[in-house]
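Report on one structure; see the data block that follows.
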Amino acid sequence: MNYQKEFILFFTNAERHTVSAEARLLWLALLWANFRSGPKKEFTADNDVLMKRAALNQESFNRAKDELIEEGYVELRKEYETSTTYRLIPQEIVFNERDEVMEKASLR
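Here the sequence shown is numbered in the numbering used here, starting from 83 and rising by one per residue.
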């Protein structure tokens with residue numbers, strides 16, 4: 083994974099498609115967790131650690147996680163009692179899919 087490219091594309095997407103501040107912070111915490119795990123397609127992260135890294139309480143963490151899932155930035159693979167296995171969606175895919183949707187919407 084090219085972390086610099088992911089970072090640039092995420093924030094370009096986030097500016098164009100309004101991602102909340104909480105979701106941005108959580109995405110950065112997830113990117114860091116992925117980097118620390120020795121970049122894998124899927125990685126498991128402790129939810130309490132993610133909340134601390136993103137400076138989010140439980141409610142904000144859950145909202146941000148749901149937003150990232152709904153917007154197609156992250157997939158949850160498996161939830162455990164205190165941790166979750168995540169997959170970060172490559173930002174190039176998110177970026178291209180959003181552009182295609184926007185183009186189709188403007189053609190109608």
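Even for Gly, the Cβ is constructed at its ideal location relative to N, Cα and C.
Pick from the options that is closest to residue i, judged by C-alpha positions
i, options, result
"valine 131", "Pro172, Glu174, Gln173, Thr164", "Thr164"
"alanine 136", "Leu113, His99, Glu124", "Leu113"
"glutamate 152", "Asn129, Lys87, Val101", "Val101"
"arginine 118", "His99, Tyr85, Lys147", "Tyr85"
Cβ-based neighbour list, residue i, same chain, cut-off 6 Å, excluding 5 preceding and 5 following
i, result
"methionine 133", "Phe143"
Spatial neighbours of residue i in its chain, beta-carbon cut-off 8 Å, leaving aside the 5 residues before and after
i, result
"leucine 91", "Gln173, Glu174, Val176, Phe177"
"aspartate 128", "Thr164, Ser165"
"tyrosine 168", "Leu112, Ala115, Asn116, Glu124, Phe125, Thr126, Ala127, Val156, Glu157, Leu158, Arg159"
"lysine 87", "Gln173, Glu174"
Between the CA atoms of residue j and residue i - distance to the nearest angstrom
i, j, result
"tyrosine 228", "arginine 145", "Outside the modelled stretch of the chain, which goes from 83 to 190, sits residue 228, for which no answer is possible."
"glutamate 104", "glutamine 140", "11 Å"
"methionine 57", "proline 121", "Because the chain is modelled from 83 through 190, residue 57 falls outside the range shown and cannot be assessed."
Local Cβ density within 10 Å of residue i, reported as buried at 16 or more and exposed below that
i, result
"glutamate 157", "exposed"
Beta-carbon proximity list for residue i, same chain, < 7 Å, skipping 5 on both sides
i, result
"threonine 106", "Residue identity check: residue 106 is arginine in the sequence provided, not threonine. So the list reads Ala96, once near-sequence residues are dropped."
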